[in-house]
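What follows is a short report on a single structure.
Residue numbers (my numbering): 69 to 183.
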């Protein structure tokens with residue numbers, strides 16, 4: 069019985085830790101729990117939210133300094149939502165992984181046949 073109770077509490081706290089945090093509802097402490105959001109950013113988010121709720125991710129990124137597409141994707145991956153929705157934007161083109169070895173050589177202009 070004790071083991072079942074312990075397992076229940078572990079499962080409860082694990083699910084709470086993995087749950088989504090909506091930017092329009094979250095406390096400063098909940099926002100601080102999102103990786104990449106510290107106290108200064110939390111205060112900025114709350115100050116902007118007091119002016120008016122965030123309508124969508126574009127609104128959030130335009131009003132919160134430092135919250136561009138790259139950080140929005142990171143915040144969303146860590147559980148942040150805007151109006152209950154995760155960030156669905158595309159990753160910036162600068163985040164492409166570099167090709168190595170044969171892949172890079174095959175894509176080089178010298179490896180392509182002349183047309």
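Just so you know, even glycine gets a beta-carbon here, dropped at the ideal spot from N, CA and C.
Nearest to residue 100 (by Cα), restricted to the options 109, 93 and 128:
Looking up residue 100 in the chain shown gives position 32. Of 109, 93 and 128, the residue nearest in Cα terms is 109.
With 16 other Cβ atoms within 10 Å as the buried cut-off, status of residue 97
Counting from one through the chain shown, the residue named residue 97 turns up at place 29. Its Cβ having fewer than 16 others within 10 Å, residue 97 is exposed.
What residue range is occupied by the uninterrupted alpha helix (DSSP H) comprising residue 107?
Within the chain shown, the letter at position 39 stands for residue 107. It spans 107 to 119 - the alpha helix (DSSP H) in which residue 107 sits, taken as one unbroken run.
CB residue 88 to CB residue 147, shorter than 8 Å?
Sequence index remark: in the chain shown, residue 88 carries index 20 (1-based). Sequence index remark: in the chain shown, residue 147 carries index 79 (1-based). For residue 88 and residue 147, yes; Cβs fall inside 8 Å.
May I have the straight-line CA-CA distance separating residue 123 from residue 151, to the nearest angstrom?
Within the chain shown, numbered from 1, the residue matching residue 123 stands at position 55. Within the chain shown, numbered from 1, the residue matching residue 151 stands at position 83. The straight-line gap from Cα to Cα measures roughly 7 Å.
Identify whether residue 99 lies in helix, strand or coil by the three-state DSSP scheme.
Walking along the chain shown from the start, residue 99 turns up at place 31. DSSP places residue 99 in helix when its eight states are reduced to three.
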